[in-house]
Amino acid sequence: MKFPAFAYARPNTIDEAIALLASEDEARPLAGGQTLLPILALRMSMPSLLVDLNDIEDMKHIIVGDGVVRVGAMVTHAQNLASTEHRKYLPLLSEAVRHVAHEAIRNRGTIGGSLAHADAAAEMPLVVTALDATMIIANEDGGRRVEAKNFFGGHFTTAIESGELLTTIEFPISDHHWAFEEVARRPGDYALVMAAAGLKVNNGIVESARITLGSVADRPLRAPEAESYLTGKAISGEIAVEAAQIATQDLKSHDDIHASANYRRTVVGTLVKRALMRAATEKSA
Ligand SMILES: Cc1cc2nc3c(=O)[nH]c(=O)nc-3n(C[C@H](O)[C@H](O)[C@H](O)COP(=O)(O)OP(=O)(O)OC[C@H]3O[C@@H](n4cnc5c(N)ncnc54)[C@H](O)[C@@H]3O)c2cc1C
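Structural data, given as structure tokens:
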């Protein structure tokens with residue numbers, strides 16, 4: 000199908016983009032277009048104005064400093080995959096982004112577009128949730144910061160309001176060891192289920208644990224009870240199995256055309272166990 004008619008603007012700065020987005024109710028940002036353009040072709044969205052973000056250099060940075068990594072919303076998946084800063088400071092992002100789609104899509108698709116789209120089966124929402132990242136959002140009043148745990152409101156729903164722009168994702172540099180596990184039907188497909196584990200271990204004892212589940216609900220889920228269970232314990236196969244059991248016991252997943260809720264609950268438990276064992280025994284990517 001052909002796109003609906005829309006006006007098109009290509010600003011050079013965040014301020015210009017915000018002014019354009021505020022100028023019309025049905026204005027939409029265009030990032031890599033890997034999701035938005037198919038949606039337009041299917042006429043599932045009919046914006047009056049597309050505000051193309053691709054010339055805004057201030058949204059393409061990867062900056063390390065003050066204990067955080069700031070990643071511009073227009074950094075592509077391919078740039079995140081190639082980033083030596085990420086391998087050193089954000090190994091979970093480095094590992095998870097390998098699972099995002101295929102090379103052609105990674106070359107255009109952006110981290111900001113992925114987060115703004117908020118597909119529960121996408122990898123980047125899980126990564127920002129696991130790493131307690133902060134979304135920096137610009138608007139006509141200057142802007143605001145939203146923590147990842149408050150950013151996702153359900154399927155394809157975020158805290159970004161009409162007229163706003165996600166400009167930067169701020170990741171605190173974590174001292175945990177990380178591992179990411181995913182099951183997808185084929186390499187490059189969206190995840191059927193996925194899990195990330197982060198462990199900070201001192202003298203063989205877990206000081207801090209983070210477990211995040213993805214594609215099992217309408218948004219990424221942390222597993223705080225399993226995280227608490229692990230704290231103060233030495234990781235073993237049995238402990239990892241018990242933590243996975245705690246992480247999934249109250250999980251109300253969903254059936255869809257790809258997998259049943261029961262499948263998701265069972266497999267994500269296995270992924271949590273695998274991720275925990277890898278986080279305990281391997282050095283992060
Ligand atoms: C065949 C195929 C397979 C894929 N497989 C995967 C996969 O396995 N895992 C995965 O995670 N993704 C996958 N994707 C999606 C891909 O990662 C896209 O890059 C991503 O969903 C959207 O990013 P984009 O930059 O293309 O955003 P766009 O398509 O340009 O925009 C998406 C939405 O976000 C809004 N938006 C974009 N940027 C901003 C911003 N800075 N602030 C506010 N709103 C904004 C747009 O208005 C639009 O509503 C796949 C896509 C395709 C076509």
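The sequence shown begins at 0 in numbering that gives the first Met the number 0 and counts up one residue at a time. No residue lacks a Cβ here, since even glycine has one placed at the ideal position from N, Cα and C.
Comparing the CB of A194 with every heavy atom of ligand 1, is any distance shorter than 7 angstroms? Residue side-chain check: A194 keeps its Cβ at 7 angstroms or more from all non-hydrogen atoms of ligand 1.
Restricting to Cα atoms, I'd like to know which of I61, S44, K1, L49 is closest to S22. Taking only the C-alpha atoms, the option nearest S22 is L49.
Buried or exposed: where does F179 fall if 16 or more other Cβ atoms within 10 Å of its Cβ makes it buried? By the 10 Å Cβ count, F179 comes out buried.
Using C-beta distances below 6 angstroms, list every residue in its chain close to R9, excluding the 5 sequence neighbours before and after it, in chain order. The beta carbon of R9 sits closer than 6 angstroms to those of D51, D54, all from its chain and outside the five residues before and after it, given in chain order.
Specify, as a first and last residue, the run of the beta strand (DSSP E) that Y189 falls within. From DSSP, Y189 is part of no beta strand (DSSP E); its letter is neither H nor E.
From A279 to G203, what distance separates their C-alpha atoms? Rounded to whole angstroms, A279 to G203 spans 9 angstroms at the Cα level.
If you measure from the CB of S113, is any heavy atom of ligand 1 nearer than 7 angstroms? S113 Cβ: within cutoff of ligand 1.
For H154, which three-state DSSP category applies? DSSP, read as helix, strand or coil, puts H154 in coil.
Presumed contact (8 angstroms Cβ cut-off) between I136 and E163, rounded CB distance: Right, their Cβ atoms sit about 5 angstroms apart.
Assuming contact is defined by CB atoms lying nearer than 8 angstroms, are V68 and I172 in contact in what I supplied? The Cβ atoms of V68 and I172 lie closer than 8 angstroms to each other.
Using DSSP with H/G/I as helix, E/B as strand and the rest coil, what is T12? Here T12 sits in coil by DSSP.
Return the bridge partner residues of I136 from the DSSP annotation. R143, L165.
C-alpha distance - A158 paired with G142, whole-angstrom precision: Distance from the CA of A158 to the CA of G142, rounded to the nearest whole angstrom, comes to 12 angstroms.
Could you check which residue in A115, I238, V192 has the C-alpha nearest to that of F155? Selected option, being the one with the closest Cα: A115.
Taking 7 angstroms as the line, does the beta carbon of Y7 fall inside it for any heavy atom of ligand 1? Every heavy atom of ligand 1 is 7 angstroms or more from the Cβ of Y7, so no.
Over what stretch of residues does the alpha helix (DSSP H) that includes P223 continue unbroken? Counting along the chain, the alpha helix (DSSP H) containing P223 begins and ends at 223-229.
Beta carbon of I104: closer than 7 angstroms to some heavy atom of ligand 1? I104: yes, Cβ under 7 angstroms from ligand 1.
Determine which residues share a DSSP beta bridge with G71 and list them. For G71, which the question treats as bridged, DSSP gives the partners T167.
Given A4, which residues of its chain have a CB within under 8 angstroms of its CB, disregarding the five upstream and five downstream residues? So no residue of the chain qualifies.
Quick check: G197 and G112, are their CB atoms within less than 8 angstroms of each other? One thing to note: G197 has its Cβ no nearer than 8 angstroms to the Cβ of G112.
Cβ neighbour criterion (16 or more within 10 Å) applied to T230: Exposed is the call here.
What first and last residue would you give for the alpha helix (DSSP H) that runs through V99? It is not in any alpha helix (DSSP H) - V99 carries neither H nor E in the DSSP assignment.
Ligand 1 heavy atom lying under 7 angstroms from the CB of L89: The answer is no for L89.
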